[in-house]
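Report on the structure given below.
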Amino acid sequence: MSAKALLPLLFCFMPSLAIAQGFAQLGQTSEGYALPDPTTRFTFPDDHGSHPEFRIEWWYVTANLKDAEGTDYGIQWTLFRNALSPSGKPDEQAWMGHAAVSTPADHLFAERLARGGIGQAGVT
């Protein structure tokens with residue numbers, strides 16, 4: 012990945028880096044955020060959605076497919092949500108989406124970064 016491609020990612024997470032002590036701390040407890048509880052019972056479809064009380068979460072869809080001519084395809088879609096502050100307000104969330112399609116001959120991908128609460132990104 013080129014330095015030019017990394018700049019939007021850096022600027023998206025810059026506020027998070029300043030107040031969250033960098034990416035190394037994202038998996039650790041932080042004041043104001045809920046901690047995962049291993050005894051929690053999931054309720055679907057509700058738990059497929061966002062949990063803004065937690066600092067970070069992500070959703071994945073992956074598949075291996077074959078078309079009518081026998082060509083193999085790999086697909087992957089990921090959505091990341093990162094809270095910039097523990098308030099849970101939608102405007103204090105940073106989002107990153109990534110999608111990829113691969114074949115034996117090619118690999119295509121795209122990603123987008125956006126801020127929640129201002130009409131750029133979010134989930135319902």
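Each residue of the sequence shown is one higher than the one before, counting from 12 in this note's numbering. Built from N, CA and C at the ideal position, the CB exists for glycine as well.
- In this structure, DSSP gives histidine 118 an extended state, which the three-state scheme calls strand.
- Taking all protein chains shown into account, tryptophan 106 has 16 or more neighbouring C-beta atoms within 10 Å of its C-beta and is therefore buried.
- Leaving aside the five residues that flank arginine 123 on each side, the residues in its chain whose CB is nearer than 6 Å to its CB run, in chain order, Gly108.
- Taking 8 Å as the upper bound for CB-CB distance, proline 115 and aspartate 83 are in contact here, some 6 Å apart.
- Under the three-state reduction of DSSP output, histidine 59 falls in the helix class.
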